[in-house]
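Each remark here refers to the structure printed beneath this line.
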Amino acid sequence: MHSAGSPACPDCGAPLDGSPRRCPACELPLHGPIAAELWQLDLALNDLRGREAWLLGRRSELLTALRAAGENQPAGAWAGGAQTPVNGPAEGPQTGAQDGPGHVAGAHGQAAPKAGVSGQPGWQAGVPGRPGGPVPVGFPGNVPPKREMSPSAVRNLLLGLGGLLLVVAAFVFTIVSWGSVGIGGRAAILVGFTALTFATPFLLVRRNLKATAETVAILGLALFLLDGYAAYQVWFEPRVDSLPYTAVLFALAAGLFALYGGYARLSLPVPIAIGLAQFPLIVFVADQTAAHAAGALILTAGFDVAVWTWARRKVALVGLLATWVIGVYIAFFQSTAYPDDLAEAVGYAVILAVAAAEAAFMARGAKKFPLVPVIGGVVAGVFAVRAPFAVVVPFAWVILVAPVAAGVFALVLRGRARNTALVVGALASIGVLAPVLIVLRGPLDWGHGVWSASWGAGAGDYLSRSPWVPGVPDLLLLVLIAVALALVVRQKVVAVLVGAVAVAFVPPVFDLPYPVMIVVLLALAAGVAAVPQPAFARLALGVGVVAVVWGLVSETATLVVLAALALIAAGVAFRAATLRTWAANVAVIHAGGFAVAAWLAADLQPRFLTFVLLAVAAAAAPWRRTEIGAGVLGVAALAVVPDLKMFSLAAAAAGVIAAGVALRKDRGNVGYLATALLLTASWSRLYAEDVTLVEAYTAPFSVVLLVFGWWKARTGSSWRAYGAGLSFTLLPSLVVLYDQPEGWLRPLALGIVALVVLVVGALRRLQAPAVLGGFTLAAVTVHEITPWVADLVLMVPRWVPMAVGGLLLLVVGATYESRIRDVKRVGAAIRGLR
Numbered sequence: 000m001h002s003a004g005s006p007a008c009p010d011c012g013a014p015l016d017g018s019p020r021r022c023p024a025c026e027l028p029l030h031g032p033i034a035a036e037l038w039q040l041d042l043a044l045n046d047l048r049g050r051e052a053w054l055l056g057r058r059s060e061l062l063t064a065l066r067a068a069g070e071n072q073p074a075g076a077w078a079g080g081a082q083t084p085v086n087g088p089a090e091g092p093q094t095g096a097q098d099g100p101g102h103v104a105g106a107h108g109q110a111a112p113k114a115g116v117s118g119q120p121g122w123q124a125g126v127p128g129r130p131g132g133p134v135p136v137g138f139p140g141n142v143p144p145k146r147e148m149s150p151s152a153v154r155n156l157l158l159g160l161g162g163l164l165l166v167v168a169a170f171v172f173t174i175v176s177w178g179s180v181g182i183g184g185r186a187a188i189l190v191g192f193t194a195l196t197f198a199t200p201f202l203l204v205r206r207n208l209k210a211t212a213e214t215v216a217i218l219g220l221a222l223f224l225l226d227g228y229a230a231y232q233v234w235f236e237p238r239v240d241s242l243p244y245t246a247v248l249f250a251l252a253a254g255l256f257a258l259y260g261g262y263a264r265l266s267l268p269v270p271i272a273i274g275l276a277q278f279p280l281i282v283f284v285a286d287q288t289a290a291h292a293a294g295a296l297i298l299t300a301g302f303d304v305a306v307w308t309w310a311r312r313k314v315a316l317v318g319l320l321a322t323w324v325i326g327v328y329i330a331f332f333q334s335t336a337y338p339d340d341l342a343e344a345v346g347y348a349v350i351l352a353v354a355a356a357e358a359a360f361m362a363r364g365a366k367k368f369p370l371v372p373v374i375g376g377v378v379a380g381v382f383a384v385r386a387p388f389a390v391v392v393p394f395a396w397v398i399l400v401a402p403v404a405a406g407v408f409a410l411v412l413r414g415r416a417r418n419t420a421l422v423v424g425a426l427a428s429i430g431v432l433a434p435v436l437i438v439l440r441g442p443l444d445w446g447h448g449v450w451s452a453s454w455g456a457g458a459g460d461y462l463s464r465s466p467w468v469p470g471v472p473d474l475l476l477l478v479l480i481a482v483a484l485a486l487v488v489r490q491k492v493v494a495v496l497v498g499a500v501a502v503a504f505v506p507p508v509f510d511l512p513y514p515v516m517i518v519v520l521l522a523l524a525a526g527v528a529a530v531p532q533p534a535f536a537r538l539a540l541g542v543g544v545v546a547v548v549w550g551l552v553s554e555t556a557t558l559v560v561l562a563a564l565a566l567i568a569a570g571v572a573f574r575a576a577t578l579r580t581w582a583a584n585v586a587v588i589h590a591g592g593f594a595v596a597a598w599l600a601a602d603l604q605p606r607f608l609t610f611v612l613l614a615v616a617a618a619a620a621p622w623r624r625t626e627i628g629a630g631v632l633g634v635a636a637l638a639v640v641p642d643l644k645m646f647s648l649a650a651a652a653a654g655v656i657a658a659g660v661a662l663r664k665d666r667g668n669v670g671y672l673a674t675a676l677l678l679t680a681s682w683s684r685l686y687a688e689d690v691t692l693v694e695a696y697t698a699p700f701s702v703v704l705l706v707f708g709w710w711k712a713r714t715g716s717s718w719r720a721y722g723a724g725l726s727f728t729l730l731p732s733l734v735v736l737y738d739q740p741e742g743w744l745r746p747l748a749l750g751i752v753a754l755v756v757l758v759v760g761a762l763r764r765l766q767a768p769a770v771l772g773g774f775t776l777a778a779v780t781v782h783e784i785t786p787w788v789a790d791l792v793l794m795v796p797r798w799v800p801m802a803v804g805g806l807l808l809l810v811v812g813a814t815y816e817s818r819i820r821d822v823k824r825v826g827a828a829i830r831g832l833r
């Protein structure tokens, strides 16, 4: 790429001087046909972006001008475009690649199509601010401001406000001024005014004032309801109860208003009438029980189903969703509250059964979201069956009712309904999760310490404190779930998982001896591990974890469980080639646990457990397939050290083991870990001995390491050659500098050394010296200027730091793209070092 228009590398963004054949930062080739084509594509993309931005802005201006011109032109002035002929060029401005956006060189040197706007007849040039821009003839010179409201919006606003004021006036008249008029006058005024209001829309529709007619009709409905209220106050109170009267009034208003809307050919009365029809039954039973409310809602939902099926009114569908969901919600939760009265439970069952029938009817004709009524119907049907049985069967067995009912539905139904029934049955079985978790967590969750239990105790004794003690119904439910999964699910491991949990339930449920529980878990682990599939192997690992949790309660059980699991994992590694690495590492981890348990069982000193784990890790490290297990044991060994001196010895031992692994040809990277561990061992030892002048111990070794690195690795990574030597002195000195901030000699010396290392790394293009030297110098600088910055912050007003931070964020945000390019450029420069 040899153009002066390409100042940066297309990959890393580094600046380019002249016409280099490669990018000096990222070594990207910049010469040849591929590079030339990439340059042409970049030019084309830049041109298109610029052209797109101008076109979008111009389009917005033209739309604004057209709207303004359309409002100022007489009717028909723009019809067909024939009454205002416009002459002009057939297309918009076009420029070449050298003159502006639009001309794009193709990938192989051909000229691409020009990026312009194809002109339309009737447009001419001459738009101010853009030469050659199209504009219709006759546009006013001063474009009026865009109207914020359309004429129809203004009309609807005025009609709505007028109708509202009339309704308020009628209400005030009825309530406040009623007493000054006699009985005849009252009837005449209200009836006459209401009749006049209902008659007016017919005249308005004839004059094509339909919106006004709709508003007057709604006003008539409000007057009709006020007539009903006035009639109740005068003639019916207190002889008639207010709730039944209100329900009848709503029903009568809904029916009459729907008929009126159809006869007057208005669109709003029918939806409003359907909305009013949602309330009569609900208002009628407002002072009754929850069962009455649920029944009224479900019956109203039946009315909505009929209306939706007959007229396909959306307001009926909205009402159906609201009434059905609320009614089922009330019936569902009231039926799950374990009512003592069988008649009440049967009532809820009938309500839920009717709701299920309505949902089934809706599912037959549902085109959109057909699964929604199916789910609702299955849920309502299942809990309709559950409601009476919850009263009849014992409390402990209620957990089986809903899943069994869902299973029966699954046997009867087909397609989506069958799958939905299975899902509902699974969700209804969620109550068994609490006993399952109790069994899986074992006795440790209830205050039993490690090795505190008796070998001859019963398995159920360890779960006696739980409020969800597993029982026979829970066991039967797990068996049913396992059988259902085995028949339905293709992945049989899921059924095996539930079946294994059911088998683990047997000892606690029947209070078998504690050793039986251990034997059952180990047998499950061995049996599942015998299946040569990865999923079953992972399941065996989970069973093994449960066995370890149960085994930790007894010393003998711990030794037996860990030894058996190690042998099972070793057998899997020996038998299955695809699982060999995974199983071998599991065997190593269990072997490490067994070694720790045996050490403690022999009453040996616990402070040396670290070296027990390291010994097992060292024994497993020579084999390639057990490296992960050895690493896990090494981390565990370092985590259980009792003091810093012991940590130093453990880190040194772990470093030696890692160095031995790094001797293999394909494990050279482990050498970095070995170096880090050995450095950590030396630093922690110095810190443990309260050494203040750490450089006396680290600098000589750093010199030796640097000499070895310079002599051994003239090429290759500078981290392998110089990383250990530099880190051995710089990093401990930094730690001591921040831990002991007094004095000026160490910051000065460390800063000078870091500066020298940084300069040498930059001059020799070595990454490790440049990064470590720069990091150390920056850390020393921050350490030295922190007190000054703290004093400065305390001296200035509190708002100044916030203002400075906000200003900084603004600057960074305004120059975000350039800052990102700078960061990429720095990263590319660092990556370019050796």
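Under numbering that gives the first Met the number 0, the sequence shown has 386 at position 387, and the numbering climbs by one with no breaks.
Built from N, CA and C at the ideal position, the CB exists for glycine as well.
Inset, instruction - For Leu222, verify whether its CB is less than 7 Å away from any heavy atom of the ligand FMN. - result: This structure does not include the ligand FMN; it has no bound ligands of any sort.
Inset, instruction - Report yes if the C-beta distance between Ala650 and Ala617 is below 8 Å; otherwise report no. - result: Position 651 of the sequence shown holds residue 650. Position 618 of the sequence shown holds residue 617. At least 8 Å separates the beta-carbon of Ala650 from that of Ala617.
Legend entry - DSSP state of Ile188 mapped onto helix, strand, coil: Against the sequence shown, residue 188 aligns to sequence position 189. Helix, per DSSP.
Legend entry - Residue burial classification, Met794 (beta-carbon count within 10 angstroms, cutoff 16): Position 795 of the sequence shown, counted from the start, is the residue given in the question as residue 794. Exposed.
Legend entry - Chain-order list of residues whose beta-carbon lies under 7 Å from that of Ser428 (same chain, five-residue window excluded): Indexing the sequence shown from 1 puts residue 428 at position 429. Cβ within range, chain order: Pro402, Leu476, Ile480.
Inset, instruction - Look at the Cβ atom of Leu37, then the Cβ atom of Cys8, and state whether they are nearer than 8 Å. - result: On the sequence shown, residue 37 is found 38 positions in, with the first residue counted as 1. On the sequence shown, residue 8 is found 9 positions in, with the first residue counted as 1. No. Outside cutoff.
Legend entry - Inter-stretch contact (C-beta, 8 Å, three-pair minimum) for the stretch 401 to 418 and the stretch 499 to 507: no
Legend entry - Anticipated Cβ contact below 8 Å, Leu222 with Thr193, distance rounded: Position 223 of the sequence shown, counted from the start, is the residue given in the question as residue 222. Position 194 of the sequence shown, counted from the start, is the residue given in the question as residue 193. With a Cβ gap of about 5 Å, Leu222 and Thr193 count as contacting.
Legend entry - Assigned secondary structure, Gly376 (DSSP; H/G/I helix, E/B strand, else coil): Indexing the sequence shown from 1 puts residue 376 at position 377. Helix at Gly376.
Inset, instruction - Can you say whether Glu741 is buried or exposed, counting buried as having 16 or more other CB atoms within 10 angstroms of its CB? - result: The residue given as residue 741 occupies position 742 in the sequence shown. Flag for Glu741 reads exposed.
Inset, instruction - Ignoring anything shorter than 3 residues or poking outside the stretch 605 to 632, list the beta strand (DSSP E) runs there in chain order. - result: none
Inset, instruction - Ignore the nearest five residues each way along the sequence and tell me which others in Leu599's own chain have a CB closer than 8 Å to its CB. - result: Numbered from its first residue, the sequence shown carries residue 599 at position 600. Pro605, Leu608.
Inset, instruction - In angstroms with no decimal places, state the Cα-to-Cα distance between Leu521 and Phe593. - result: In the sequence shown, residue 521 corresponds to position 522, counting from 1. In the sequence shown, residue 593 corresponds to position 594, counting from 1. Spanning the two alpha carbons is a distance of roughly 15 Å.
Inset, instruction - Classify Arg66 as helix, strand or coil using the three-state DSSP reduction. - result: Along the sequence shown, one-based indexing puts residue 66 at 67. Helix, per DSSP.
Legend entry - For Leu40, the three-state DSSP class (helix, strand or coil): One-based indexing of the sequence shown puts residue 40 at position 41. Of the three classes helix, strand and coil, the one that applies to Leu40 here is helix, per DSSP.
Legend entry - Per-residue DSSP class, three states only, for Pro768: Residue numbering aside, residue 768 sits at position 769 when the sequence shown is read from its first letter. Correct three-state label for Pro768: helix.
Inset, instruction - Taking all protein chains shown into account, decide if Pro237 is buried (16 or more other Cβ within 10 angstroms of its Cβ) or exposed. - result: In the sequence shown, residue 237 corresponds to position 238, counting from 1. Looking at its Cβ environment, which holds fewer than 16 other Cβ atoms inside 10 Å, Pro237 is exposed.
Inset, instruction - Return the CA-CA distance between Thr322 and Leu370, expressed in angstroms with no decimal places. - result: Taking the first residue of the sequence shown as position 1, residue 322 is located at position 323. Taking the first residue of the sequence shown as position 1, residue 370 is located at position 371. Roughly 19 Å separates the two Cα atoms.
Inset, instruction - Might you give, ordered along the chain, the residues of its own chain that have their beta carbon closer than 7 Å to the beta carbon of Gly430, omitting 5 neighbours on each side? - result: Mapped onto the sequence shown, residue 430 falls at position 431. If we look at Gly430 and ignore the five residues flanking it on each side, its Cβ neighbours are Ile398.
Legend entry - CA nearest to the CA of Gly708, picked from Phe700, Pro699, Ala698, Arg719: As a working note, residue 708 is residue 709 in the sequence shown. Selected option, being the one with the closest Cα: Arg719.
Inset, instruction - In the DSSP assignment, find the unbroken alpha helix (DSSP H) run with Pro237 in it and report its ends. - result: Taking the first residue of the sequence shown as 1, we reach residue 237 at position 238. Note, Pro237: premise wrong, no alpha helix (DSSP H); not H, not E.
Inset, instruction - Sort Val349, Ser241, Val306 by Cα distance to Ala285 and report the nearest one. - result: For the purposes of this step, residue 285 is taken as residue 286 along the sequence shown, with counting starting at 1. The shortest C-alpha separation from Ala285 is found at Ser241.
Inset, instruction - Have a look at Leu662 and Leu678 and give me their C-alpha separation to the nearest angstrom. - result: Mapped onto the sequence shown, residue 662 falls at position 663. Mapped onto the sequence shown, residue 678 falls at position 679. Cα to Cα, the separation comes out at about 19 Å.
Legend entry - Under 8 Å between C-beta atoms of Ala568 and Ala596: Here residue 568 refers to the residue found at position 569 when the sequence shown is read from its first residue. Here residue 596 refers to the residue found at position 597 when the sequence shown is read from its first residue. No, Cβ-Cβ distance for Ala568 and Ala596 is not below 8 Å.
Inset, instruction - Return yes when the Cβ of Ile588 is within less than 8 Å of the Cβ of Gly550, no when it is not. - result: To locate residue 550, count along the sequence shown from 1; it is residue 551. To locate residue 588, count along the sequence shown from 1; it is residue 589. Cβ atoms of Gly550 and Ile588: not closer than 8 Å.
Legend entry - Rounded Cβ spacing between Ala405 and Gly424 (contact assumed at less than 8 Å): The count along the sequence shown starts at 1 and reaches residue 405 at position 406. The count along the sequence shown starts at 1 and reaches residue 424 at position 425. That pair is a contact at about 3 Å.
Legend entry - Rounded distance between the beta-carbons of Ile437 and Pro469, thought under 8 Å: The residue labelled residue 469 in the question sits at position 470 within the sequence shown. The residue labelled residue 437 in the question sits at position 438 within the sequence shown. Contact flag correct, Cβ pair sits at about 6 Å.
Inset, instruction - Let me know if Glu357 comes out buried or exposed under the rule of 16 or more other beta-carbons within 10 Å of its beta-carbon. - result: Position 358 of the sequence shown, counting from 1, holds the residue named residue 357. Looking at its Cβ environment, which holds 16 or more other Cβ atoms inside 10 Å, Glu357 is buried.
Inset, instruction - For Pro32, name the three-state secondary structure that DSSP assigns. - result: Here residue 32 corresponds to residue number 33 of the sequence shown, with the count starting at 1. Helix, per DSSP.
Legend entry - C-alpha distance - Ala777 paired with Leu538, whole-angstrom precision: Locating residue 777 in the sequence shown gives position 778, counting from the first residue. Locating residue 538 in the sequence shown gives position 539, counting from the first residue. Ala777 and Leu538: Cα-Cα distance of roughly 51 Å.
Inset, instruction - Please say whether Ile271 and Leu220 have beta carbons closer to each other than 8 Å? - result: Locating residue 220 in the sequence shown gives position 221, counting from the first residue. Locating residue 271 in the sequence shown gives position 272, counting from the first residue. Yes. Within cutoff.
Legend entry - 6 Å CB neighbourhood of Tyr513 in its chain, flanking five on each side removed: Numbered from its first residue, the sequence shown carries residue 513 at position 514. Result list for Tyr513: Ala456, Ala458, in chain order.
Inset, instruction - Note down, in chain order, each residue of its chain lying with its Cβ closer than 7 Å to the Cβ of Val611, except the 5 sequence neighbours on either side. - result: Against the sequence shown, residue 611 aligns to sequence position 612. Ala594, Val595, Trp598.
Legend entry - For Lys823 and Gly760, the rounded distance between their alpha carbons: Here the question's residue 760 lines up with position 761 in the sequence shown. Here the question's residue 823 lines up with position 824 in the sequence shown. One C-alpha to the other measures close to 20 Å.
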